[in-house]
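Numbering (our numbering), first residue to last: 871 to 959.
Down below is the structure, laid out as structure tokens.
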């Protein structure tokens, strides 16, 4: 499997998840790719867009034929309390 991580993904990881060096961010993103859980995937032309989650980080990755993966962005998973609705007055 060939994995490429864009500078945008590294920048977003450092901004949204953890302040660290570029190398540490890239290593953490690699761990998410290998150990994370696929929460969504959608076929888009020549590639499959995947959302992969591990702990509080979600990465957006494009998987092409022959197992080429490009990580394009990192999001923060904020699911705490989504089931609690405010009572309308």
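Even glycine gets a Cβ: it sits at the ideal position worked out from N, Cα and C.
Residue i classed as buried or exposed, judged by whether at least 16 other C-beta atoms fall within 10 angstroms
i	result
residue 953	For residue 953, the predicted structure reports a pLDDT of 49, less than 50, and the residue's modelled location is therefore unreliable. The matter cannot be settled from this model.
residue 902	buried
Contact set for residue i: own chain, Cβ-Cβ below 6 Å, skip 5 residues either direction
i	result
residue 928	921, 945 and 947
residue 872	938
Closest Cα partner of residue i within the set the options
i	options	result
residue 923	905, 893 and 897	905
Beta-carbon gap between residue i and residue j smaller than 8 Å
i	j	result
residue 917	residue 933	yes
residue 879	residue 941	yes
residue 909	residue 883	no
Could you name each continuous beta strand (DSSP E) segment of 3 residues or more that falls completely within the stretch 903-936, going from the start of the chain to the end?
Within the stretch 903-936, the runs of beta strand (DSSP E) at least 3 residues long that lie entirely inside it are, in chain order, 907-914, 917-924 and 927-934.
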